[in-house]
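Peer 1: In my numbering, the protein residues as written are -8 to 149.
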């Protein structure tokens, strides 16, 4: 493995660990009490909640993007695997035991899109998407940790 690849992998490890930390912090704040349709409907007048929610959705999306679009292809290249379209990379990660289900990852991606695109029109859609995302949060984190642990076990990073 080239030094540049190892260096990039180490950089992404630090980024992902920081993103996980920030996501958990925001999650604890948003989900300290159940996120209901009523809470979602109050976002227009509750600026503090809106800000916490914006931080959570942004951090969730960022971690998913970093993990799926950056860490996954880099980890595959470090293993000497071919990389391709996201769906192909996810299938390969599933076959290599890093991800329980590539289809589940695509469901998480769909939830992500609902959180950032549909909430203005429907508090119920937002509440459902947020609660679904919260349920997927540990799956997302576990996928990132699995690749990083595998890379460390293979001496691809320190």
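All residues carry an ideal CB built from backbone N, CA and C; glycine is no exception.
(1) Buried or exposed: which applies to residue 16, given that a residue is buried once 16 or more other Cβ atoms fall within 10 Å of its Cβ?
(2) Between which two residues does the alpha helix (DSSP H) containing residue 143 stretch?
(3) Throw me the rounded Cβ distance for the residue 67 and residue 83 pair, which I believe falls under 8 Å.
(4) Please report the straight-line C-alpha distance between residue 25 and residue 97, rounded to a whole angstrom.
(5) Could you tell me which of 140, 106, 135 and 6 sits nearest to residue 124, measuring between CA atoms?
(6) How would you label residue 2, buried or exposed, when you count the other beta carbons within 10 angstroms and need 16 or more for buried?
(7) With a cut-off of 8 Å on the beta carbons, I'd call residue 148 and residue -3 a contact; round off their distance for me.
(8) Would you give the residue range spanned by the alpha helix (DSSP H) that residue 24 belongs to?
(9) Which value, in whole angstroms, describes the spacing of the CA atoms of residue 39 and residue 89?
Peer 2: Reading off the structure:
(1) Looking at its Cβ environment, which holds fewer than 16 other Cβ atoms inside 10 Å, residue 16 is exposed.
(2) Start and end: 114 to 144.
(3) The beta carbons of residue 67 and residue 83 sit about 6 Å from each other, so the pair counts as a contact at 8 Å.
(4) Spanning the two alpha carbons is a distance of roughly 25 Å.
(5) Of the listed residues, the one whose Cα sits closest to residue 124 is 106.
(6) When all chains shown are included, residue 2 counts as exposed.
(7) Right, their Cβ atoms sit about 6 Å apart.
(8) From DSSP, residue 24 is part of no alpha helix (DSSP H); its letter is neither H nor E.
(9) One C-alpha to the other measures close to 37 Å.
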